[in-house]
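Here the working numbering runs 910 ahead of the position in the sequence shown, where the first position is 1.
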Amino acid sequence: MGKKKDAKLQDMQSAIGDLDVDDTDSRPEASPYTGKYINVSFGNDGTAFKVPESLLLRGSKLLPGLGINKDYEYGCGSYNRRLDGVPQGIDHVLVHHLFTGAYQCLKPTGPTPRDKEIAEYTTAIQYYVTARAYELNTLAEQAQSEIERIGARLDLHTIFRAAEKAYPNPCMDDAWFINYLKARSKALMTDQAARQNMGFRHDTQGTISVAAIFLESVVESLSSNTHLPPVASRESVVQETGACVGPLSV
911 MGKKKDAKLQ DMQSAIGDLD VDDTDSRPEA SPYTGKYINV SFGNDGTAFK VPESLLLRGS
971 KLLPGLGINK DYEYGCGSYN RRLDGVPQGI DHVLVHHLFT GAYQCLKPTG PTPRDKEIAE
1031 YTTAIQYYVT ARAYELNTLA EQAQSEIERI GARLDLHTIF RAAEKAYPNP CMDDAWFINY
1091 LKARSKALMT DQAARQNMGF RHDTQGTISV AAIFLESVVE SLSSNTHLPP VASRESVVQE
1151 TGACVGPLSV
């Protein structure tokens, strides 16, 4: 009888021990810094980064995108691969994220602190676009935080100009970025100070985009308290006029 109780007690202790196992331990079972290294070049500048193949596997679309140059370098155990479609300056943050899981960009350049801030904001959008394209979800989330952090100090016109440069045609399924721009735009409806600080044309030289002209018109209307008539829906137009309204073209 005593032996049966001891065996039962051991089974209970073993079960309790199993419950104490930490299933959230994210440490790797094998070092990711061993194995085959790949000399990764970005774009056409020729700068190469030595990256373990195991780290490239973290992005489900990274490794397939590195199939342009498959010449094997005998004796050094590495491949030379080039990743096209990555804007200049994005290479560091991408490789740094693969090694550390953290977001780090190089120091921005520019003649003034504001120019540097705009440059950093623009490249943050580029980081976001690249991370999204290669399904690096953690990096995309980190880039989102940077976009929100830096963008909080910028006016809407500057934000739109940076977005037009870094991400001129957002993907239709990119709900986060579209909603981010919408939220910043809607702030003009309630923030009079933000409308007054909007600067579109600092001089008479150069050119201005059609989008900037449209945005300037909206801001001027809001600032002058112009009451715009409500926009009729396509359904109401059909009901009132009997017209056949076709798809809108852009």
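In this text, a Cβ means the ideal position worked out from N, Cα and C, and glycines have one as well.
Sequence-distant residues of its chain with Cβ nearer than 7 Å to residue i (five each side left out)
i, result
"Y982", "Because the pLDDT at Y982 is just 41, under 50, the model does not fix this residue reliably, and the value given afterwards should be weighed accordingly. Answer for Y982: Y989, listed in chain order."
"D1025", "none"
"G1152", "Any reading at G1152 must be qualified, since the residue scores a pLDDT of 49, below 50, and its modelled position is unreliable; the value itself is stated next. Correct list: empty, nothing qualifies."
"N979", "Here the model assigns N979 a pLDDT of 39, short of 50, so the residue's position is not dependable, and the following value carries that caveat. Contacts found: N990, R991 and R992."
"K1075", "T1032"
"Q1052", "Y1013"
For residue j and residue i, believed in contact at Cβ under 8 Å, the rounded distance
i, j, result
"E1056", "Y1013", "7 Å"
"Y1077", "F1070", "Not quite, the Cβ-Cβ distance comes to about 11 Å (not below 8 Å), so this is no contact."
"L965", "P942", "5 Å"
"I1164", "Y1037", "One cannot answer for residue 1164 here, as it falls past the ends of the chain, which runs 911 to 1160."
"P1018", "E1030", "4 Å"
Closest Cα partner of residue i within the set the options
i, options, result
"I1035", "R1024, L1049 and P1023", "L1049"
"I1028", "S941, V961 and A1073", "A1073"
"H1067", "V1120, I1000 and P938", "V1120"
"G1011", "G1061, T1022 and R937", "R937"
"Y1004", "T1022, P1023, L1046 and A1093", "One detail in the question is off: residue 1004 reads as Leu in this sequence, not Tyr. Looking at the Cα atoms, L1046 is the closest of the given residues."
"A1041", "L1008, E1058, A1062 and S1095", "L1008"
Contacting residues, own chain, Cβ-Cβ under 6 Å from residue i (five flanking each side not counted)
i, result
"S951", "A958 and R992"
"V1039", "Y1077"
"D994", "none"
Endpoints, the beta strand (DSSP E) within which residue i is located
i, result
"A958", "A958 to P962"
"I948", "Y947 to F952"
Limits of the unbroken alpha helix (DSSP H) element including residue i
i, result
"A1076", "L1066 to A1076"
"K1026", "P1023 to A1043"
"E1058", "N1047 to G1061"
"T934", "From DSSP, T934 is part of no alpha helix (DSSP H); its letter is neither H nor E."
"V1005", "D1001 to T1010"
Other residues of its chain near residue i: CB distance less than 8 Å, five sequence neighbours each side excluded
i, result
"A1043", "K971 and G995"
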